[in-house]
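A.B. asks: As numbered in our numbering, the sequence shown has no gaps in its residue numbers, which increase by one up to the final residue, 535.
Glycine included, every Cβ here is placed at the ideal spot set by N, Cα and C.
Pasting in a structure now, in structure tokens, and then I'll have a few things to ask.
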Amino acid sequence: MKKTVYNEIKQKIDSDFSLEKPKDQSFGHYATPVAFSLAKTLRKSPMSIADELCEKFNESECFESVESLKGYINFKLASSFLDKLATKALKNEDEFAKDSHQQKILLEYVSANPTGPLHIGHARGAVFGDTLYKIAKHLGYDIESEYYVNDAGNQIRLLGVSIYLGGLELLGKNPTYPQEYYKGEYILDLAKEAIDSFGESIFENEENIEKLSVWGKDKMLELIKQNLKDANIEFDHFISEKELFDLWDETLNKLKENDAVYEKDGKIWLKSTEYGDEKDRVVVREDGRPTYLAGDIIYHNQKFERGYDHYINIWGADHHGYIARVKAAVKFLGYDSDRLEVILSQMVSLLKGGQPYKMSKRAGNFILMSDIIEEIGSDALRFIFLTKKSDTHLEFDIDDLKKQDSSNPIYYINYAHARINQLLGKSSFSKDEIYQTKLDNMNEDEKNLLFNALLLNEVLNDAYNSRQLQKLSEYLKNLASLLHQFYNKYQIIGSDKEKLYLKIMLVVALSIRTGLKLMGINAKYKM
9 MKKTVYNEIK QKIDSDFSLE KPKDQSFGHY ATPVAFSLAK TLRKSPMSIA
59 DELCEKFNES ECFESVESLK GYINFKLASS FLDKLATKAL KNEDEFAKDS
109 HQQKILLEYV SANPTGPLHI GHARGAVFGD TLYKIAKHLG YDIESEYYVN
159 DAGNQIRLLG VSIYLGGLEL LGKNPTYPQE YYKGEYILDL AKEAIDSFGE
209 SIFENEENIE KLSVWGKDKM LELIKQNLKD ANIEFDHFIS EKELFDLWDE
259 TLNKLKENDA VYEKDGKIWL KSTEYGDEKD RVVVREDGRP TYLAGDIIYH
309 NQKFERGYDH YINIWGADHH GYIARVKAAV KFLGYDSDRL EVILSQMVSL
359 LKGGQPYKMS KRAGNFILMS DIIEEIGSDA LRFIFLTKKS DTHLEFDIDD
409 LKKQDSSNPI YYINYAHARI NQLLGKSSFS KDEIYQTKLD NMNEDEKNLL
459 FNALLLNEVL NDAYNSRQLQ KLSEYLKNLA SLLHQFYNKY QIIGSDKEKL
509 YLKIMLVVAL SIRTGLKLMG INAKYKM
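Have a look at this one:
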């Protein structure tokens, strides 16, 4: 809608201008301050310029009125223009609020170590990443999602050690546990499954730890994929760190050719301070083993070799200090580091009945993503994670998300959608009859509700471009509120304007349904 309005105004105003929404919608649906930027060139006051420009729109079918106010030009959309947009939306639901951006993007997120089930911190980044992906797809971006499987580090051997010790414990052999190992009932569950799969003999020789490490990693990756699927999240690609390490020598040579590394104290260092890092970083240890950073350097080199226009990584907030060294490596590899964007996802504090939520015994010292989905459902989990910027701390009480009233935002929004569907069921008019209704001479309430329902594309573009996905949840809450207010103010069924009301409401339902779908939530038709 905004793009159409902008193009309409551009035909009359031969100058660059911005289009804004007045805080007070009684002034108009859109406004532009273009008269202020023209004042110096034309040597006239903004007020007189605005008055002159308004006269150019006297014959426009797009606008009901175009008026100047203190130098601003305010545009009120015509009922007939809004009706055309509404009819087009209802007859082409699959295309509603879509766009045609061309950028090719690789989005990497979650990428949790395959050494345990996903916890609630992982869940926030997962929901944000998946929603960003869905919105980008809807807006026409050529975007692919990827999970980087950290299966090459010491943590994988530690998983095998933990399973091995768990097996000894189950077999009554009283093992001595080291200071560092993975805890939780899930380790004992893996040990039980290993006994069933391989027999007790696998726990008789420490040489089997490597076999248990690989087997346990695969089992954990299966569980992680199931955790994600339960939250309506799937990936286009899973890529193995271990497999990429075959490219290390080639990548290191590339760094050497670009004078990016040096040797000191028997180690190989990346000159990351040259590009803003606080200190240089080791990429190869004294014993010749590549570091964790080396794996990320290989991965990012391989990413950029695949030729995307833009790369987005979503990391936990604890990785903030890691950004500079990875961007430095990208520059040393000969790529534009501005094409790599890192979004941070802050941690979550979870309450139940006002008290801290108890840690899971299965996970040891974490709150499991699967436990929360089991308690409140995927829809509520996804929605609450999209109510704040990803880089700000989030605290919520899961009992609030179980409430069946307006204090629960996902319930409130779904109720608006279900209410419209209920009205449609009570009406004697068919959808075709409603679609064909002309929305002539709408009053301000009617026009305001329809205008807001048609804003979804604008909201999606803003949310995506700013990476502030909470703007979508805020929009849907506001739209639901407008719908409930309208319903309480006007009699719908049996009114002389029943078809007009229902046509507007069907656009509201379409906007709610589409917005929720992009958040990974299916709108409810009955409540």
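First and last residue of the beta strand (DSSP E) that includes V74?
C.D. replies: Position 66 of the sequence shown holds residue 74. Run containing V74: F71 to L77, per the beta strand (DSSP E) assignment.
A.B. asks: Given a cut-off of 8 Å on the beta-carbon distance, is the pair E152 and N321 in contact?
C.D. replies: Taking the first residue of the sequence shown as 1, we reach residue 152 at position 144. Taking the first residue of the sequence shown as 1, we reach residue 321 at position 313. No; because the gap between Cβ atoms is not below 8 Å, this pair is not in contact.
A.B. asks: What beta strand (DSSP E) runs, 3 residues minimum, are completely inside the segment 54–113?
C.D. replies: 71–77 and 80–85
A.B. asks: Could you tell me which residues DSSP puts in a beta bridge with S353?
C.D. replies: For the purposes of this step, residue 353 is taken as the residue at position 345 of the sequence shown. Looking at the DSSP assignment, S353 forms a beta bridge with G324.
A.B. asks: Going by other Cβ atoms of all chains shown within 10 Å of its Cβ, with 16 needed for buried, is S386 buried or exposed?
C.D. replies: In the sequence shown, the residue the question calls residue 386 occupies position 378. Result: buried.
A.B. asks: Whole angstroms is fine: what's the gap from L348's alpha carbon to I331's?
C.D. replies: Here residue 348 corresponds to residue number 340 of the sequence shown, with the count starting at 1. Here residue 331 corresponds to residue number 323 of the sequence shown, with the count starting at 1. The alpha-carbon separation between L348 and I331 amounts to approximately 10 Å.
A.B. asks: Tell me which residue opens and which closes the alpha helix (DSSP H) that I151 is part of.
C.D. replies: In the sequence shown, counting from the first residue as 1, residue 151 sits at position 143. Unbroken run through I151 is the beta strand (DSSP E), D150 to V157; no alpha helix (DSSP H).
A.B. asks: Going by DSSP, which residues form a beta bridge with T40?
C.D. replies: Locating residue 40 in the sequence shown gives position 32, counting from the first residue. I81, per the DSSP bridge assignment.
A.B. asks: Helix, strand or coil for I241? Go by DSSP, reduced to three states.
C.D. replies: Within the sequence shown, residue 241 is the residue found at index 233, counting from 1. Note: I241 maps to coil in three-state DSSP.
A.B. asks: Using 10 angstroms around the beta-carbon of Y423, count the other beta-carbons present and answer buried if the total reaches 16, otherwise exposed.
C.D. replies: Working through the sequence shown from its first residue, we reach residue 423 at position 415. With 16 or more other Cβ atoms within 10 Å, it is buried.
A.B. asks: Determine which residues share a DSSP beta bridge with V292 and list them.
C.D. replies: Sequence index remark: in the sequence shown, residue 292 carries index 284 (1-based). Answer by DSSP bridge pairing, in chain order: I276 and P298.
A.B. asks: What's the C-alpha gap between E154 and K511?
C.D. replies: Locating residue 154 in the sequence shown gives position 146, counting from the first residue. Locating residue 511 in the sequence shown gives position 503, counting from the first residue. Roughly 41 Å between the two C-alpha positions.
A.B. asks: Quick check: what's the CA-CA separation for Q19 versus H245?
C.D. replies: For this step, residue 19 is matched to residue 11 along the sequence shown. For this step, residue 245 is matched to residue 237 along the sequence shown. Rounded to the nearest angstrom, the two C-alpha atoms are 45 Å apart.
A.B. asks: Under 8 Å by Cβ, that's how I've got Y194 and G133 pegged, so tell me the actual separation to the nearest angstrom.
C.D. replies: Looking up residue 194 in the sequence shown gives position 186. Looking up residue 133 in the sequence shown gives position 125. About 21 Å separates the Cβ atoms of Y194 and G133, ruling out a contact at the 8 Å cut-off.
A.B. asks: So, using beta-carbon positions, are L90 and L464 closer together than 8 Å?
C.D. replies: Taking the sequence shown and counting its residues from 1, one reaches residue 90 at position 82. Taking the sequence shown and counting its residues from 1, one reaches residue 464 at position 456. Cβ atoms of L90 and L464: not closer than 8 Å.
A.B. asks: Could you give the first and the last residue of the continuous alpha helix (DSSP H) run that contains D204?
C.D. replies: Along the sequence shown, read from residue 1 onward, the residue named residue 204 stands at position 196. Per DSSP, D204 belongs to the alpha helix (DSSP H) from E193 to F206.
A.B. asks: On the DSSP bridge list, what partners appear for D448?
C.D. replies: For the purposes of this step, residue 448 is taken as the residue at position 440 of the sequence shown. Answer by DSSP bridge pairing: none, since D448 is not bridged.
A.B. asks: By Cβ distance, which residues of its chain are closer than 6 Å to G284, with the 5 residues on each side in sequence left out?
C.D. replies: Within the sequence shown, residue 284 is the residue found at index 276, counting from 1. The answer, listed in chain order, is A332.
A.B. asks: Once the 5 residues before and after L477 are set aside, which same chain residues still bring their CB inside 6 Å of it?
C.D. replies: Sequence index remark: in the sequence shown, residue 477 carries index 469 (1-based). Excluding sequence neighbours, L477 sits near T139, L394 and A471.
A.B. asks: Please state if the CB of L301 and the CB of R293 are separated by a distance shorter than 8 Å.
C.D. replies: Locating residue 293 in the sequence shown gives position 285, where the first residue counts as 1. Locating residue 301 in the sequence shown gives position 293, where the first residue counts as 1. Not a contact, by the Cβ cut-off of 8 Å.
A.B. asks: What does the Cβ neighbour count give for T522, buried or exposed, with the cut at 16 atoms within 10 Å?
C.D. replies: Residue numbering aside, residue 522 sits at position 514 when the sequence shown is read from its first letter. It is buried - the Cβ of T522 has at least 16 other Cβ atoms within 10 Å.
A.B. asks: Considering Cα atoms alone, identify which of M377, E60 and E286 is closest to G129.
C.D. replies: Counted from its first residue, the sequence shown places residue 129 at position 121. Considering only alpha carbons, the answer is M377.
A.B. asks: Using only the alpha-carbon positions, how far apart do E447 and L431 sit?
C.D. replies: As a working mapping, residue 447 is identified with position 439 in the sequence shown. As a working mapping, residue 431 is identified with position 423 in the sequence shown. The sequence given here has Leu at residue 447, not Glu. Going by the C-alpha atoms only, they are around 19 Å apart.
A.B. asks: Taking the beta strand (DSSP E) that D405 belongs to, which residues open and close that run?
C.D. replies: Stepping through the sequence shown from its first residue, residue 405 is reached at position 397. Counting along the chain, D405 sits inside the beta strand (DSSP E) bounded by residues L402 to D405.
A.B. asks: Please report the residue range of the alpha helix (DSSP H) in which A489 lies.
C.D. replies: To locate residue 489, count along the sequence shown from 1; it is residue 481. Reading off the sequence shown, one finds Ser at residue 489, where the question assumed Ala. Counting along the chain, the alpha helix (DSSP H) containing S489 begins and ends at Q478 to K497.
A.B. asks: Any idea if D304 is buried or exposed, counting beta-carbon neighbours within 10 angstroms, 16 or more meaning buried?
C.D. replies: Taking the sequence shown and counting its residues from 1, the one referred to as residue 304 is at position 296. It is buried - the Cβ of D304 has at least 16 other Cβ atoms within 10 Å.
A.B. asks: With distance defined between alpha-carbon atoms, name the residue in N530, I520, K532 and A531 nearest to A105.
C.D. replies: Walking along the sequence shown from the start, residue 105 turns up at place 97. Ranking the options by Cα distance to A105, first place goes to I520.
A.B. asks: Give the straight-line distance between the Cα atoms of L518 and L491, rounded to the nearest whole angstrom.
C.D. replies: As a first step, residue 518 must be located in the sequence shown, where it is residue number 510. As a first step, residue 491 must be located in the sequence shown, where it is residue number 483. Their backbone Cα atoms lie some 13 Å apart in a straight line.
A.B. asks: In terms of residue numbering, what span does the alpha helix (DSSP H) encompassing Y509 cover?
C.D. replies: Counting from one through the sequence shown, the residue named residue 509 turns up at place 501. Annotation: the continuous alpha helix (DSSP H) that includes Y509 extends over E506 to L526.
A.B. asks: Closest to S68 by CA distance: which of K287, K84, G296 and L178 is it?
C.D. replies: Your numbering for residue 68 matches position 60 in the sequence shown. Selected option, being the one with the closest Cα: K84.
A.B. asks: Below 6 Å CB to CB, which residues in the same chain sit around V516 once its five sequence neighbours on both sides are set aside?
C.D. replies: What you label residue 516 is simply residue 508 of the sequence shown in a count that begins at 1. Excluding positions up to five away in sequence, the list reads A461 and L491.
A.B. asks: Quick check: what's the CA-CA separation for L402 versus V356?
C.D. replies: Numbered from its first residue, the sequence shown carries residue 402 at position 394. Numbered from its first residue, the sequence shown carries residue 356 at position 348. Approximately 5 Å between the Cα atoms of the pair.
A.B. asks: Whole angstroms is fine: what's the gap from F136's alpha carbon to K92's?
C.D. replies: Here residue 136 refers to the residue found at position 128 when the sequence shown is read from its first residue. Here residue 92 refers to the residue found at position 84 when the sequence shown is read from its first residue. Their backbone Cα atoms lie some 34 Å apart in a straight line.
A.B. asks: Which residues in the same chain have their Cβ closer than 7 Å to the Cβ of K250, if we skip the five residues on either side of it in sequence?
C.D. replies: Along the sequence shown, read from residue 1 onward, the residue named residue 250 stands at position 242. Cβ neighbours of K250 beyond the five flanking positions: D159 and A160.
A.B. asks: Please state whether DSSP places E176 in a helix, a strand or coil.
C.D. replies: One-based indexing of the sequence shown puts residue 176 at position 168. Glu is not the amino acid found at residue 176; the sequence shown has Leu there. Residue state, collapsed to three classes: helix.
A.B. asks: According to DSSP, simplified to helix, strand and coil, what is L590?
C.D. replies: As displayed, the chain neither begins before 9 nor continues past 535, which places residue 590 out of reach and without an answer.
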